[in-house]
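Novice:
There are 2 protein chains.
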Amino acid sequence: MTDQSKIIERLKEEKTFYLISHMLPDGDSIGSLLAMGEGLLKIGKNISLFTPGHIPRKYNFLTGTETVSHEVLIVDPDITTIVLDSSDLDRLGIFKEAVLNSKQIINIDHHVTNQRFGTLNLVDSSAAATGELVYSLLNELPVIITESIAESLYVAISTDTGSFKYTNTTPNTHRVVANLLEFGLNPGTLSQKMFDEKPLSFYILLKEALSSLEMYERRRVAVMTLSKDIRERSGATTDDLEGIVNYARNIEGVEMGILFYVEGNREVKVGFRSKRLDVSVLAGNLNGGGHTRAAGCRLDGDLETIKEKVIGESLKLLKELPA
Amino acid sequence: MTDQSKIIERLKEEKTFYLISHMLPDGDSIGSLLAMGEGLLKIGKNISLFTPGHIPRKYNFLTGTETVSHEVLIVDPDITTIVLDSSDLDRLGIFKEAVLNSKQIINIDHHVTNQRFGTLNLVDSSAAATGELVYSLLNELPVIITESIAESLYVAISTDTGSFKYTNTTPNTHRVVANLLEFGLNPGTLSQKMFDEKPLSFYILLKEALSSLEMYERRRVAVMTLSKDIRERSGATTDDLEGIVNYARNIEGVEMGILFYVEGNREVKVGFRSKRLDVSVLAGNLNGGGHTRAAGCRLDGDLETIKEKVIGESLKLLKELPA
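If you read the sequences in order, they're chains A and E. For the first sequence, the residue numbers in the working numbering are 1 to 323. For the second sequence, the residue numbers in the working numbering are 1 to 323.
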């Protein structure tokens, strides 16, 4: 019997569930949590939903967000806890201890690094989003999918694939989404909310970042720099910073984009984005880390000295590509 | 017998075809042209491919672009001409007369405004892209789809739906794309080419546009202004201008984005983008036109006078929305 079948059995047998997804909630963690929660409600279960940390405002329109608690009310170890989209229990933040005490943990995730910490584990790294796995479970239970469940799952899958642009997008991703759209969703309205709308502070920060643009090595490396002062004047949050460095990488002909961001007194954060180069190695050599095409590090010292060193290392890495 | 069946018969019967798509080629017109051409080649037909106007550089990687001619070599009126993604024959530019002389025209299109100018017409405005209709024809012929045909169709469909973000995206769109991805396409690499990469001149223009940002009516109208001088210094083309005004519209809380762009001596172009308002009416009142959410006009006079007038009209339109 597969873990998926055992999970289906457990979901049918038990009456009450805690559901939780990871800290710094994103579209997949929230969408999967809400869809799984509403699905179980529909078949008569009692559920309590949790996230460590608040849900970004742009997801507030999803049905059920107002029922998600951020307080550690996971108190009964006999109640099965369903953990969604979390590669390990550390990602549950202040909820970690309470979840560890649960006698039964159902772990549903698509991260390749998942630690299989569950009593039962549905871990499939070929899924583009945890939302795909939730869709499969709800169909197998079976739960009759509603428009609001479909909307939560659409948000889960579209955000984790960058609206189907990332390499993780598979034929199955599109087949699931085809079925979800049948429930009358408007992909135009949903995508505007998910992808296009950004606060004014983001655009102010973008203007400053573009104004600071420097190009190196025949325009193959694009460098942006943001001072602490500029960030404070723009009213930008850390959320706003996300995505700024992509603009450097996305310039035609550029192989690597770098963002220097002065965090505090002599503390500089560096973000790397690349088209073909492995920047995780570069970041690793500078005591940072990350993914092949998106990595970062944090360095102490004077901005100009740090820039010189980091750009020097980047140009060395660039030599790996044909000129 | 439906026109689709008659088209299938004609494609089987005839040996030689001219294929043409519209001027100012885009992803759907090019992708549909190349896929249809390669499909017919695969079943032993002779084909000649045409577009009025050159193909944007970013599509050059598609198989067959080098075989597309921009000269009017449509000379034999007995050869069936297949017109793709063109709502009317005016959109064929310098090719219009030659195509009009064709005794048989197969018209394949998804524009709701299509003039049904063909001898046979496959016009379906529920299709998100002409590429969806080409996929259906190739399957019915049948043609064995290759990776390069799949790639051309993916580009056709993904560009016309803004990577599946626009309201025109349907369950069928996703089902077709699921099947296309089975041919081993990499959506990450393709999407980077289609959507993310922009020339440096675009970013220089964006910086200037963001620097000029003015907000009106409690930040519900965002206005950008670009002088002729700035455009010339940036090295930007008209292509680069496309999309700049979207940035104004995409600011959180903004209902309408407006871009003023000084074209020449006392000539000002105005672009309107909205989330909910009908800006085609606004543009129409100013002797322009366009779509509900994206419209524009061209006015003569002094920039400041024009701005005052246009912003005034926009604030009147804004009153239609609840405050």
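Glycine included, each C-beta is placed from N, C-alpha and C at the ideal position.
Considering only residues of the same chain and omitting the five flanking positions on each side of E/I43, which have a CB-CB separation below 7 Å?
Specialist: So the list reads L141 and V143, once near-sequence residues are dropped.
Novice: Let me confirm a value: E/E320 is counted as buried when at least 16 other C-beta atoms fall within 10 Å, else exposed. Which label applies?
Specialist: By the 10 Å Cβ count, E/E320 comes out exposed.
Novice: Going by DSSP, what residue range makes up the beta strand (DSSP E) through E/D160?
Specialist: First-last for E/D160: E147 to D160, but that is the alpha helix (DSSP H), not the beta strand (DSSP E).
Novice: Grouping DSSP H, G and I as helix and E and B as strand, with all else coil, what is A/K15?
Specialist: In the structure shown, A/K15 sits in coil (DSSP, three-state: anything other than H, G, I, E or B).
Novice: So, under 8 Å CB-CB, E/V83 and E/I106 are touching, yes? Tell me the CB distance rounded to an integer number of Å.
Specialist: Between E/I106 and E/V83 the Cβ distance is about 7 Å, and since that is below 8 Å, they are a contact.
Novice: Within the same chain, show all residues whose beta-carbon is closer than 8 Å to that of A/N246, passing over the 5 residues directly before and after it, in chain order.
Specialist: Excluding positions up to five away in sequence, the list reads G257 and R273.
Novice: With DSSP as the reference, label E/G289 as helix, strand or coil.
Specialist: Reduced to three states, the DSSP call for E/G289 is strand.
Novice: Should E/N250 be labelled buried (16 or more other beta-carbon atoms within 10 Å of its own) or exposed?
Specialist: By the 10 Å Cβ count, E/N250 comes out buried.
Novice: Going by other Cβ atoms of all chains shown within 10 Å of its Cβ, with 16 needed for buried, is E/F61 buried or exposed?
Specialist: The residue is exposed, with fewer than 16 neighbouring Cβ atoms inside 10 Å.
Novice: Check the C-beta distance from A/K193 over to A/K58 and give it rounded, since I have them as a contact under 8 Å.
Specialist: Between A/K58 and A/K193 the Cβ distance is about 6 Å, and since that is below 8 Å, they are a contact.
Novice: With a cut-off of 8 Å, do at least 3 Cβ pairs link the stretch 231 to 246 of chain A to the stretch 211 to 221 of chain A?
Specialist: No, they do not touch.
Novice: Look at the alpha carbon of A/D3 and the alpha carbon of E/K198, and state the distance between them as a whole number of angstroms.
Specialist: Their backbone Cα atoms lie some 46 Å apart in a straight line.
Novice: Does the Cβ of E/P25 have 16 or more other Cβ atoms within 10 Å, making it buried, or fewer, making it exposed?
Specialist: By the neighbour-count rule (16 or more Cβ atoms within 10 Å), E/P25 is buried.
Novice: Shorter than 8 Å from the beta carbon of E/H174 to some beta carbon of chain A?
Specialist: Output row for E/H174: interface = yes.
Novice: Are the CB atoms of E/I145 and E/F183 within a distance shorter than 8 Å?
Specialist: Yes, they are a contact pair.
Novice: Within the stretch 72 to 117 of chain E, note down every full alpha helix (DSSP H) run reaching 4 residues or more, in order along the chain.
Specialist: List check, alpha helix (DSSP H) in window: 96 to 100.
Novice: Give, in chain order, every unbroken run of the alpha helix (DSSP H) that is at least 4 residues long and sits entirely within the stretch 170 to 238 of chain E.
Specialist: Taking only runs of at least 4 residues, the alpha helix (DSSP H) segments lying wholly in the stretch 170 to 238 of chain E are 171 to 181, 187 to 191, 200 to 211 and 228 to 234.
Novice: Could you tell me if A/K165 is buried or exposed, where buried requires 16 or more neighbouring beta carbons within 10 angstroms of its beta carbon?
Specialist: Classification of A/K165: buried, given that the 10 Å Cβ count is 16 or more.
Novice: Quick one: measure Cβ to Cβ for E/N168 and E/T161, integer angstroms, because I've assumed they're closer than 8 Å.
Specialist: Confirmed, about 6 Å.
Novice: Which of the three DSSP states is assigned to A/E320 in this structure?
Specialist: DSSP places A/E320 in coil when its eight states are reduced to three.
Novice: In chain A, which residues lie with their C-beta within 9 Å of the C-beta of E/G301?
Specialist: Within chain A, no residue comes near E/G301; the closest Cβ sits about 29 Å away, beyond 9 Å.
Novice: How far does the alpha helix (DSSP H) with E/S136 in it extend, from its first residue to its last?
Specialist: Residues T130 to E140.
Novice: Output yes if chain E places a C-beta closer than 8 Å to the C-beta of A/V177; else output no.
Specialist: Judged by the 8 Å Cβ criterion, A/V177 is in contact with chain E.
Novice: Quick one: grab the DSSP three-state call for E/E66.
Specialist: Helix at E/E66.
Novice: Could you check whether the stretch 199 to 207 of chain E touches the stretch 296 to 304 of chain E, counting it as contact only if at least three pairs of C-beta atoms, one from each stretch, sit closer than 8 Å?
Specialist: Too few Cβ pairs lie closer than 8 Å, so no.
Novice: By the DSSP assignment, the alpha helix (DSSP H) with E/K275 in it spans what residues?
Specialist: No alpha helix (DSSP H) contains E/K275, which DSSP labels as neither H nor E.
Novice: Residues in its own chain within less than 8 Å of A/R266 by CB, not counting five upstream and five downstream?
Specialist: Within the same chain, A/R266 has close Cβ partners D300, G301 and D302.
Novice: Determine contact between the stretch 61 to 70 of chain E and the stretch 84 to 91 of chain E, defined as no fewer than three beta-carbon pairs at a distance below 8 Å.
Specialist: They do not touch, by the three-pair rule.
Novice: Count the other C-beta atoms from every protein chain shown that fall within 10 angstroms of the C-beta of E/T305, then say buried if there are 16 or more, exposed otherwise.
Specialist: By the 10 Å Cβ count, E/T305 comes out exposed.
Novice: Express the C-alpha separation of E/I79 and E/I47 in angstroms, rounding to a whole number.
Specialist: Going by the C-alpha atoms only, they are around 10 Å apart.
Novice: Within a Cβ cutoff of 7 Å, which residues of the same chain sit near E/S280, ignoring the five residues on either side of it in sequence?
Specialist: The residues are G289, G290, H291, T292 and A295.
Novice: Rounded to the nearest angstrom, what separates E/E66 and E/G31 at their Cα positions?
Specialist: When rounded, the distance between both Cα atoms is 13 Å.
Novice: So does the stretch 146 to 158 of chain E actually touch the stretch 172 to 181 of chain E, counting three or more Cβ pairs closer than 8 Å?
Specialist: These segments touch.
Novice: Can you list, in chain order, the residues of its chain with a C-beta nearer than 6 Å to that of A/I7? Leave out the 5 residues immediately preceding and following it.
Specialist: Closer than 6 Å at Cβ, skipping near neighbours: I106, L120 and L122.
Novice: Hey, could you find the ends of the beta strand (DSSP E) A/Y59 is sitting in?
Specialist: Looking at the DSSP string, A/Y59 is not in any beta strand (DSSP E), and its letter there is neither H nor E.
Novice: Rounding to the nearest angstrom, what Cα-Cα distance links A/E217 and A/L277 in this structure?
Specialist: Spanning the two alpha carbons is a distance of roughly 15 Å.
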